[in-house]
Amino acid sequence: MGFFDGLRPLRAAQFDSGNATSSAIELTKRNATISLTEQGALSGNLRVNLSWRMRTSDIEGRSRQSGRLRRPLKLFQPEVVQAHTQGVVDVDLDLGCMYELTDGTRGVVQPLGGLIGDLNAPPYIRLSGDDRFGAPSGETVYVNLDQREQIKRLLFFVYIYDQTPAFDRTHAKITLYPGHGPRIEIDLDERAPQARSCAVFTVDNTKGELIVRREVKFVYGFQSELDRLYGYGMQWGRGYKSRT
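Under this note's numbering, the first residue of the sequence shown is numbered 2, with each subsequent residue one higher.
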């Protein structure tokens, strides 16, 4: 599987994601799995959202906030994070999903390369858009659970696109919104300052039961390293985003 430069920018898509209740279940190391089947989430769309915001140190954050109060236009500028050198960089987190269908088809849905997928045809997964600045809406991937029998396994992951590793300087959370039942939350709160990618959770179709398992495994490489770790067996090439 290769990546291609120069594709058209992604446009946000609107999908019906069901009516998740206001309660939430947090997946942790001790409580790492949950059955979507037991929750009754067997139809509609599973909405998977990555939300994140960039920050500097708490001291600098307070001074930045007070400065923004004096200069209101600063409120509309994206935050930056302190790199591990003295430089200051932007961080662009991306949400992706590797998939394997029951017919053996394997692939990936992600912003890089414009691989946004399809909700009503294979792979029955679609990316809504590409958030480059940590907007409140974040990035969202939809999975068509009406076609769950066609899905063998999924791996949801987050990676830092072409910037200084800074997972420890971001507040990142993955939230799953099933069509029925409570939302499911996974925090990327473990310290991994040099990591560039993180395998967040898997979904396995085991004898018709959809099992979500928290992973939160940070790696120093990118998608190809996650692929080797989870055995999807795809071929990867360097890809780039178009300039905003």
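By construction, the Cβ of each residue, glycine as well, lies at the ideal position given by its N, Cα and C atoms.
Margin query: Looking only at its chain, what residues have a beta carbon closer than 7 Å to the beta carbon of residue 188, apart from the 5 residues adjacent to it on each side?
Written below: If the five residues before and after residue 188 are omitted, its C-beta is found closer than 7 Å to the C-beta atoms of 174, all from its own chain and listed in chain order.
Notebook entry, point to check: What's the C-alpha gap between residue 35 and residue 115?
Noted result: In this structure, the CA atom of residue 35 is about 31 Å from the CA atom of residue 115.
Item checked: Contact under 8 Å by Cβ, residue 93 with residue 178 -> Taking 8 Å as the Cβ cut-off, residue 93 and residue 178 do not qualify as a contacting pair.
Check: Under 8 Å, do residue 234 and residue 107 count as touching if we go by C-beta distance?
Finding: A contact, by the Cβ cut-off of 8 Å.
Margin query: Tell me which residues share the same chain as residue 144 and place their Cβ nearer than 6 Å to its Cβ, disregarding the 5 neighbours each side in the sequence.
Written below: Cβ within range, chain order: 47 and 126.
Check: Would residue 149 pass as a contact of residue 43 if the rule is Cβ separation under 8 Å?
Finding: Yes, Cβ-Cβ distance for residue 149 and residue 43 is below 8 Å.
Margin query: Mapping the DSSP letters down to three states, classify residue 147 as helix, strand or coil.
Written below: Of the three classes helix, strand and coil, the one that applies to residue 147 here is helix, per DSSP.
Notebook entry, point to check: Looking at C-alpha atoms only, which residue of 160, 152, 45 and 117 is the closest neighbour of residue 198?
Noted result: Each of 160, 152, 45 and 117 was checked against the Cα of residue 198, and the nearest Cα belongs to 160.
Check: Is residue 95 buried or exposed, if buried means 16 or more other CB atoms sit within 10 Å of its CB?
Finding: By the neighbour-count rule (16 or more Cβ atoms within 10 Å), residue 95 is buried.
Next item on the list: Rounded to whole angstroms, what's the CA-CA distance from residue 215 to residue 102? Just pull it up for me.
Entry: Approximately 20 Å, taken between the alpha carbons.
Check: Nearest-angstrom Cα distance between residue 110 and residue 158?
Finding: A direct Cα-to-Cα measurement between residue 110 and residue 158 gives close to 10 Å.
Checklist line | Straight-line Cα distance separating residue 168 from residue 220 | finding: The C-alpha of residue 220 lies about 11 Å from the C-alpha of residue 168.
Checklist line | Helix, strand or coil at residue 44 according to DSSP, with G and I counted as helix | finding: Three-state result, residue 44: coil.
Checklist line | Cα-Cα separation, residue 206 to residue 192 | finding: Answer to the nearest angstrom: the Cα atoms are 31 Å apart.
Item checked: Under 8 Å between C-beta atoms of residue 156 and residue 142 -> No, these two residues do not count as a Cβ contact at 8 Å.
Check: Using DSSP with H/G/I as helix, E/B as strand and the rest coil, what is residue 133?
Finding: Residue placement at residue 133 is poorly supported in this model, since its pLDDT is 44, which falls under 50; the coordinates are not used for a value here.
Checklist line | residue 200 versus residue 33: straight-line alpha-carbon distance, rounded | finding: Those two C-alpha atoms are separated by around 14 Å.
Notebook entry, point to check: Whose C-beta lies closer than 7 Å to the C-beta of residue 40 among residues of the same chain, with five residues either side of it excluded?
Noted result: Only 179, 181 and 182 meet the Cβ criterion.
Checklist line | Where residue 195 sits in the DSSP three-state scheme | finding: Secondary structure at residue 195: coil, using DSSP grouped into helix, strand and coil.
Check: For residue 196, is the classification buried or exposed, using 16 other Cβ atoms within 10 angstroms of its Cβ as the cut-off for buried?
Finding: Buried.
Check: Going by DSSP, what residues sit across from residue 54 in a beta bridge?
Finding: Answer by DSSP bridge pairing, in chain order: 172.
Item checked: Identified DSSP bridge partners for residue 213 -> According to DSSP, residue 213 shares a beta bridge with 35 and 204.
Margin query: Here's the rule: buried if 16 or more other CB atoms are within 10 angstroms of the residue's CB, otherwise exposed. What is residue 236?
Written below: The C-beta of residue 236 has fewer than 16 other C-beta atoms within 10 Å across all chains shown, which makes the residue exposed.
Notebook entry, point to check: Between 28, 37, 171 and 24, which lies nearest to residue 211 when the distance is taken from Cα to Cα?
Noted result: It is 37 whose Cα lies nearest to the Cα of residue 211.
Check: According to the neighbour-count rule (16 or more other Cβ atoms, all chains shown, within 10 Å of its Cβ), is residue 49 buried or exposed?
Finding: Residue 49 should be labelled buried.
Item checked: Option in 238, 190 and 208 with minimal Cα separation from residue 218 -> Of the candidates 238, 190 and 208, 190 places its Cα closest to the Cα of residue 218.
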